[in-house]
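Number of protein chains: 2
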Amino acid sequence: MDLAAVAGLLADRTRAAFCLALLDGRAWTASELARHAGVARSTATSHLHLLVDGGLLAEERHGRHRYLRVADHRVLELIESLAALAPRQTVRPRSLSASGRQQALARARLCYDHLAGAVSLTVIDAMVERGLLRWGPDPGLTHEGAAWLTELGIAVPSGSRRPLVRACLDWTERRPHLAGAVGAALCDHALTTGWLVRIGTTRALTVTPAGRRAWHDHLGPRP
Amino acid sequence: MDLAAVAGLLADRTRAAFCLALLDGRAWTASELARHAGVARSTATSHLHLLVDGGLLAEERHGRHRYLRVADHRVLELIESLAALAPRQTVRPRSLSASGRQQALARARLCYDHLAGAVSLTVIDAMVERGLLRWGPDPGLTHEGAAWLTELGIAVPSGSRRPLVRACLDWTERRPHLAGAVGAALCDHALTTGWLVRIGTTRALTVTPAGRRAWHDHLGPRP
DNA sequence: ACAACCGTTCGACGTCCCTCGAAGCGTCCG
DNA sequence: CGGACGCTTCGAGGGACGTCGAACGGTTGT
């Protein structure tokens with residue numbers, strides 16, 4: 107493995123597109139990256155093997171998903187050094203308007219069907235403090251939590267093999283956030299009632315005034 | 107020209123060897139680089155075209171020579187970023203003992219058959235101050251300079267179409283240094299008398315105690 | 001149990017590009 | 001002027017690699 111080999115890992119449009127997509131610090135799945143770059147899944151698989159074996163990307167496997175992220179801060183610097191010399195700046199738009207957009211992603215976003223970002227962690231903290239949620243090694247919903255959901259008009263999910271409460275790694279916050287059936291139901295409810303709305307067609311979410319009111323009413327400081 | 111294309115420029119062993127060789131800040135000719143990388147001159151030509159067109163290297167043509175150097179500080183950073191991720195560090199020895207070696211090269215070295223580096227510039231300055239040398243747009247040797255050479259035991263070169271005094275670009279100092287027949291004769295004399303000796307088999311030179319004495323005797327502060 | 005989905009392996013196809021030698025052009029030196 | 005040298009262009013050969021579709025194993029959710 108010499109210098110030319112490392113450069114060769116980034117000397118392909120598809121692999122470069124993967125790395126640029128991963129610059130936002132989030133973890134992507136292999137299929138997401140394949141769709142983003144416009145190649146077949148099998149093609150993405152071989153590329154991802156090269157990038158992981160070469161030490162540029164790190165992987166974490168959860169069930170049938172394979173999450174990928176940039177391995178190292180040195181890799182970030184390498185990609186930035188390359189971008190600084192590429193006249194056609196496909197990544198440059200980020201620096202203009204999308205530093206704010208990246209902040210929005212870090213604040214609140216969709217992670218498949220549930221909420222991620224800094225906001226999702228405050229939800230967990232508030233729910234744990236009010237005794238609605240068990241967190242830690244054996245997460246679950248308490249009786250109070252079930253009643254709380256019913257009060258919100260959310261049917262407590264059941265009849266599925268999907269766990270009610272699950273921890274999902276949050277790559278921007280480096281802490282797990284709320285997934286599982288309850289996480290999905292909460293997120294779905296927040297979107298249908300307009301507490302949260304998507305920013306354009308991206309995964310980024312923003313909290314509406316109605317969302318702030320609901321937060322105060324249902325998760326605000328205890329009396 | 108996108109990110110993958112820039113990476114592709116360095117994704118070849120030969121081109122990577124060129125760039126690593128040029129890391130010392132000196133200018134190399136195309137043939138030197140070809141010999142250093144072990145490829146045919148025609149191969150080197152095509153690679154150098156790619157690197158120059160891609161903006162990684164800059165060229166300067168002098169007569170039949172083509173001098174190449176790293177174009178930009180951003181290119182230096184890119185190469186260093188790549189080297190930081192390459193486990194097989196062919197360039198790493200530089201950082202250990204050869205930061206001192208690089209300083210030695212910047213101080214005094216051979217440029218073909220004459221002297222280059224910081225020492226060569228002090229020679230010019232001292233010779234100009236003593237009226238031995240005309241420098242600037244029309245460089246040449248003065249009558250006093252010719253007498254000074256004879257006094258040193260150096261025959262004033264003649265009978266050749268090679269100019270007596272010529273300016274040669276010094277890439278570490280960004281100033282021209284003394285070349286031409288006089289530059290070569292002075293350098294040859296300094297090496298044969300032991301004023302200068304080569305460091306190992308490299309082009310780097312070091313000034314001996316005898317060299318310092320000779321400097322004081324022949325170019326020292328005027329009375 | 002069954003369907004849907006994610007990821008993987010494999011073989012085949014096509015393309016890109018790295019390499020060299022021979023021939024040629026311009027410059028420098030005697 | 002004639003020889004030496006540095007560099008370039010051109011064509012041909014050959015190896016490396018990116019791409020896809022089809023088939024398969026494993027996990028998730030109904």
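Protein chains in written order, with our numbering: chain A, 107 to 329; chain B, 107 to 329. The C-beta atom is built at its ideal place from N, Cα and C for all residues, glycine as well. Source: prediction; values computed, not measured.
(request) Evaluate residue 202 of chain A with the Cβ neighbour count: other Cβ atoms within 10 Å of its Cβ, from every protein chain shown; 16 or more gives buried, anything less gives exposed. (result) At residue 202 of chain A, the pLDDT of 40 sits below 50, so the modelled position is not reliable and the matter cannot be decided from this model.
(request) Answer yes if the region 123-139 of chain A comes into contact with the region 107-114 of chain A, meaning at least three C-beta pairs across the two stretches below 8 Å, and no otherwise. (result) Cβ pair count under 8 Å is below three, so no.
(request) Report the rounded CA-to-CA distance for residue 258 of chain B versus residue 174 of chain B, giving the unit in angstroms. (result) One C-alpha to the other measures close to 36 Å.
(message) By the three-class DSSP mapping on this structure, what secondary structure does residue 299 of chain A have?
(response) Note: residue 299 of chain A maps to coil in three-state DSSP.
(request) Give the DSSP-derived three-state secondary structure of residue 116 of chain B in the structure shown. (result) For residue 116 of chain B, the secondary structure class from DSSP, reduced to helix, strand or coil, is coil.
(request) Could you tell me how far apart the beta carbons of residue 188 of chain A and residue 116 of chain A are, in whole angstroms, since I believe they sit closer than 8 Å? (result) Sure, about 6 Å apart at Cβ, within 8 Å.
(message) Using a Cβ-Cβ distance cut-off of 9 Å, determine whether residue 183 of chain B contacts chain A.
(response) Chain A has a Cβ within less than 9 Å of the Cβ of residue 183 of chain B.
(message) Once DSSP output is grouped into helix, strand and coil, what is the label at residue 282 of chain A?
(response) Secondary structure of residue 282 of chain A (DSSP, three-state): strand.
(message) Does the CB of residue 176 of chain B have a neighbour CB from chain A at under 9 Å?
(response) For residue 176 of chain B, the closest Cβ of chain A is not nearer than 9 Å.
(message) Let me check one thing: in DSSP terms, what residues is residue 166 of chain A bridge-paired to?
(response) Looking at the DSSP output, residue 166 of chain A bridges to A/173.
(message) Using C-beta distances below 8 Å, list every residue in its chain close to residue 299 of chain B, excluding the 5 sequence neighbours before and after it, in chain order.
(response) Answer for residue 299 of chain B: 316, 320, listed in chain order.
(request) Evaluate residue 141 of chain A with the Cβ neighbour count: other Cβ atoms within 10 Å of its Cβ, from every protein chain shown; 16 or more gives buried, anything less gives exposed. (result) Counting Cβ neighbours within 10 Å, residue 141 of chain A comes out exposed, since fewer than 16 surround it.
(request) Determine, using beta carbons only, whether residue 187 of chain A comes closer than 9 Å to chain B. (result) True, the Cβ-Cβ gap to chain B drops below 9 Å.
(request) Give the secondary structure of residue 289 of chain A by DSSP, where H, G and I count as helix, E and B as strand, and everything else as coil. (result) Correct three-state label for residue 289 of chain A: helix.
(request) Give the straight-line distance between the Cα atoms of residue 269 of chain A and residue 152 of chain A, rounded to the nearest whole angstrom. (result) Taking the straight line from one Cα to the other gives about 32 Å.
(message) Please tell me whether residue 291 of chain A and residue 261 of chain A are closer than 9 Å, where the distance is taken between their beta carbons.
(response) In this structure, residue 261 of chain A lies closer than 9 Å to residue 291 of chain A by Cβ.
(message) When you compare the CB positions of residue 330 of chain A and residue 248 of chain A, do they come within less than 9 Å of one another, or not?
(response) A question about residue 330 of chain A goes unanswered here, because the residues of chain A that appear run from 107 up to 329.
(message) Given a cut-off of 9 Å on the beta-carbon distance, is the pair residue 236 of chain B and residue 271 of chain B in contact?
(response) Residue 271 of chain B sits away from residue 236 of chain B, with the two beta carbons spaced by 9 Å or more.
(message) Taking the beta carbon of residue 169 of chain A as the centre, do at least 16 other beta carbons fall within 10 Å, making it buried, or is it exposed?
(response) So residue 169 of chain A counts as exposed.
(message) Please tell me whether residue 108 of chain B has its Cβ less than 9 Å away from any Cβ of chain A.
(response) Residue-level contact check: residue 108 of chain B touches chain A, since one or more beta carbons of chain A fall below 9 Å from its beta carbon.
(message) Using only the alpha-carbon positions, how far apart do residue 294 of chain A and residue 221 of chain A sit?
(response) Looking at the two C-alpha atoms, the distance is approximately 9 Å.
(message) Could you check whether residue 325 of chain B and residue 313 of chain B sit closer than 9 Å to each other, using their CB atoms as the reference points?
(response) No.
(message) By alpha-carbon positions, which one of B/137, B/150, B/132 ends up nearest to residue 119 of chain B?
(response) That would be B/150, whose Cα lies nearest to the Cα of residue 119 of chain B.
(message) Using a 10 Å radius around the Cβ and a threshold of 16 neighbouring Cβ atoms, would you call residue 304 of chain A buried or exposed?
(response) Residue 304 of chain A should be labelled exposed.
(request) Using the Cα positions of residue 283 of chain A and residue 178 of chain A, report the straight-line distance between them to the nearest angstrom. (result) Straight-line Cα distance between these residues: approximately 23 Å.
(message) Give the list of continuous alpha helix (DSSP H) stretches no shorter than 4 residues that lie fully inside the region 226-263 of chain A.
(response) Qualifying alpha helix (DSSP H) stretches, in chain order: 249-258.
(request) To the nearest angstrom, report how far apart residue 255 of chain A and residue 323 of chain A are at their CA atoms. (result) The straight-line gap from Cα to Cα measures roughly 13 Å.
(message) One question on the structure: do residue 133 of chain B and residue 166 of chain B come within less than 9 Å of each other, judged by their Cβ atoms?
(response) Their beta carbons are under 9 Å apart, which means residue 133 of chain B touches residue 166 of chain B by this criterion.
(request) Select from the region 109-124 of chain B all residues with a C-beta closer than 9 Å to any C-beta belonging to chain A, and list them in chain order. (result) So the list reads 109, 110, 111, 112, 113, 114, 115, 116, 117, 118, 119, 120, 121, 122, 123, given in the order they occur along the chain.
(request) Write down the C-beta distance between residue 233 of chain A and residue 246 of chain A rounded to the nearest angstrom, noting that I regard them as a contact closer than 8 Å. (result) Taking 8 Å as the upper bound for CB-CB distance, residue 233 of chain A and residue 246 of chain A are not in contact here, some 12 Å apart.
(message) For residue 172 of chain B, tell me which candidate among B/215, B/230, B/147 has the shortest Cα-Cα distance.
(response) Closest option to residue 172 of chain B, Cα to Cα, is B/147.
(request) Can you tell me which of A/219, A/191, A/161 puts its alpha carbon nearest to the alpha carbon of residue 180 of chain A? (result) Between residue 180 of chain A and the set A/219, A/191, A/161, the nearest pair of CA atoms involves A/161.
(message) 9 Å is my cut-off, CB to CB: does residue 144 of chain A come that close to chain B?
(response) For residue 144 of chain A, no Cβ of chain B is located within less than 9 Å of the residue's own Cβ.
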